[in-house]
């Protein structure tokens, strides 16, 4: 480290004194800096470095934001916290903040990095500092919020302009009193001079004393450093996309929990990283996607989305354009899937049904049984050109995909890039169709109409609406966990709701919806549907009554 007192200075910046200094030290240890990836359990744990702390900090940020949204009065301290959380969740200024905190010169790096801290490493360190405060404080929202405030708004390091001019890569402070000097960030409207520093009572407040500067000076910077440069536009990263998804999902969970409380029903939540009935969902196994899908499928919102599909079907344009498209050849069905847009709810619904039907049509001569095993008979063995090495399931999928390619794209040369692109497209269709089929086999065909988020939902949950991509992103094991969870926790509700709308969904796909008689689902009030929690019998009764026959 640049200074033996660096950890103490960093604690002053965070406004939190660690009980276990080792937690703070781990936050400043990059993955691979210590331990051995192939060694003992202890060596493997050391090898992970600050990764687990960073994941913890990354996950707790949306929880802090949700807690702020449901706080009481809109005071200035709430506004300051919100600004800090917005900066943190949007991953703004992570590299700048890490540099200002002198993390590049004090973090323990992996030898392969050769002493150069990459932007991703610095971002991981900021997340890890938040996770370290969260862990060491016993998962205290209060102290973690304070740390986030001071990380992103309330603190900044003074940099000597002469030192920067001579060595722009060295961000060390020159203040003899404290290398990490608390100061106000001029870019923020709110300042800590107007913020109350009252600490809530309890053991938590007695254990730690926050160190907020009551009076701070903003030292003038040299003219050479005062020139402002416009920030470069960066593409949305996967982590920021996941963060937005977590925020939107938490908003929905809060709404569903409120609905459960209103009707005196228990609220069931998936504990990512926890176990349930002997199985476990971990973040490494696409826990966020599983949690999102488990609440989206057969939710009140998905029922409203199905209503939107019916409204679109009854419009003259879609009704004429897609009538009698259920019985098609493989080539024609793939063509329909390629040409169908996904932005309109009805078209997306048709695309899913066609994808499922494509899987069924292409699997008629397949050797895979319902339990996933490849079963050979004397006839199938005699029809095989020769033995092929590899996983039998992968070989079977590849053989079926090649058969579809010959029928759909007969003129494409197998050695071209276009052929490989189309083959990947066909593979994705078959994989998605297979997962649709697993859902149908477990819960009935009606579930095909209960997979979307309503286009006009008040939560504006566009990041949650792409169910197809979420299903495809799951590994085989993670998808099995999703099905297992739905069967153990929501089986009765999902199966009953799917059965209730099965005929309607089939009629929509076949283009045979009765043009003169409205179904019971159409007559149900969307606002009333959204009043009931997922899994309630009142929700099912609302859809089934009054019952209309003759789709």
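Residue numbers (the working numbering): 3 to 553.
Glycine included, each C-beta is placed from N, C-alpha and C at the ideal position.
Remember, predicted model here, so these are calculated numbers, not experimental data.
Nearest Cα to residue 308 within the set 489, 531 and 134: 531.
Between the beta-carbon of residue 349 and that of residue 343 there is about 5 Å, and that keeps the pair under the 8 Å contact cut. Nearest to residue 506 by alpha-carbon distance, out of 252, 313, 130 and 417, is 313. Looking at the DSSP output, residue 353 shares a beta bridge with no other residue. The beta strand (DSSP E) runs lying completely inside the segment 396–423 and spanning 3 residues or more number zero. With fewer than 16 other beta carbons inside 10 angstroms of its own, residue 265 counts as exposed. In the assembly as shown, residue 525 is an exposed residue. Its beta-carbon has fewer than 16 other beta-carbons within 10 Å. The residues 497, 500, 501 and 504, in chain order, have a CB closer than 7 Å to that of residue 446 in the same chain once the five nearest residues on each side in sequence are set aside. Distance from the Cα of residue 486 is smallest, within the candidate group 295, 9 and 146, for 295. Of all C-beta pairs linking the segment 416–424 to the segment 252–266, fewer than three are shorter than 8 Å, placing the two stretches out of contact. Per the DSSP secondary-structure output, residue 110 pairs in a beta bridge with 31. Under the 10 Å beta carbon count, residue 121 is surrounded by fewer than 16 other beta carbons and is classified as exposed. Contact between the segment 470–488 and the segment 397–407 is absent: fewer than 3 CB-CB pairs across the two stretches fall below 8 Å. Counting other Cβ atoms within 10 Å of its Cβ, residue 432 reaches 16 or more and is therefore classed as buried. Within the same chain, and ignoring the five residues on either side of residue 136 in sequence, the residues whose Cβ sits closer than 7 Å to its Cβ are 58, 59, 62 and 146.
Counting along the chain, the unbroken alpha helix (DSSP H) around residue 490 starts and ends at 478–491.
In chain order, 111 place their CB closer than 8 Å to the CB of residue 117, counting only its own chain and leaving out the 5 sequence neighbours on each side.
Of the candidates 394, 140 and 362, the residue whose Cα lies closest to the Cα of residue 20 is 140. The Cβ atoms of residue 306 and residue 24 lie no closer than 9 Å to each other.
In the DSSP assignment, residue 339 falls within the alpha helix (DSSP H) that extends over 332–341. By the beta-carbon neighbour count (other beta carbons within 10 angstroms, threshold 16), residue 250 is buried. Secondary structure of residue 313 (DSSP, three-state): helix. Annotated three-state conformation of residue 442 is helix, per DSSP. In the DSSP annotation of this structure, the continuous segment of the alpha helix (DSSP H) that includes residue 291 starts and ends at 289–298. Going by C-alpha positions, residue 511 is about 17 Å away from residue 340. Short of 8 Å from the beta carbon of residue 442, and not among the five residues preceding or following it, lie these beta carbons of its own chain, in chain order: 358, 449 and 450. With 16 or more other CB atoms across the displayed protein chains lying within 10 angstroms of its CB, residue 52 is buried.
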